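Novice: This is the structure, below, for whatever I ask next.
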Amino acid sequence: WPSNYSNPTKPSNCNGTKFDDRKVYPHMRSKLKISWPDVESGNDTNFWEREWNKHGTCSERTLNQFQYFERSYEMWRSHNITEILKNASIVPHPTQTWTYSDIVSPIKAATKRTPLLRCKYDKNTQLLHEVVLCYEYHVLKQIDCNRTAGCENPQAISFQ
């Protein structure tokens, strides 16, 4: 989503066209179910609605709702993070952990840019929750992510 580097939490919740489920056409819906599923609740449509209303509306001068989701799918296809990690022997495992650097290094080697990792806690385990790839404003060119890491403990990240 578009970001303001002086305040990476902005822009969000911009005035714009609200999410229209009818504009996520069946062909795009099937693509998004693979590339951008709701891994927490499983309600993909509600998740896409939240993402569009919070972030997509801020890019509406450049991308309408259909273009926003189409571009997100194209970005996912351009770098298959699951495959990149798998090739580095980083695969879901119930007990093994990796360092922040273990995870970032193969992604950086494959994309030629520095990603950002975000983690969440489940009980006492820090889980890899999101890999962020950053793009310039018009979403045409990938750039290094220059934000602070989103994982409290860079020495023990679980991927389950």
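Numbering follows full-length UniProt numbering, in which position 123 of the sequence shown is assigned residue number 123; successive positions increment by one, without gaps.
Cβ atoms here follow ideal geometry from the backbone N, Cα and C, with glycine treated the same way.
Since we're looking at a predicted model, the values are computed, not measured.
(1) Quick one: residues in its chain with C-beta nearer than 8 Å to the C-beta of V104, no 5 flanking neighbours on either side, listed in chain order?
(2) Straight-line CA distance for S59 to N146?
(3) List, from N- to C-terminal side, the alpha helix (DSSP H) runs of 4 residues or more that fit wholly inside the segment 70-121.
(4) Kindly list the residues whose CB is nearer than 6 Å to the CB of E130, restricted to its own chain and excluding five residues on each side of it in sequence; keep chain order.
(5) From V132 to R71, what does the alpha carbon distance come to, in whole angstroms?
(6) Applying the 10 Å Cβ sphere with the 16-neighbour rule, what's the burial state of S6?
(7) Which term fits D112, buried or exposed, when burial requires 16 or more other beta carbons within 10 angstroms of its beta carbon?
Specialist: Let me spell this out:
(1) T114, P115 and L117
(2) Their backbone Cα atoms lie some 20 Å apart in a straight line.
(3) 81-87 and 100-111
(4) R118
(5) 15 Å
(6) Note that S6 scores 47 on pLDDT, short of 50, meaning its location in the model is unreliable; the coordinates nonetheless yield the value given after this. It is exposed - the Cβ of S6 has fewer than 16 other Cβ atoms within 10 Å.
(7) Looking at the sequence provided, one finds Lys at residue 112 rather than Asp. Burial call: exposed.
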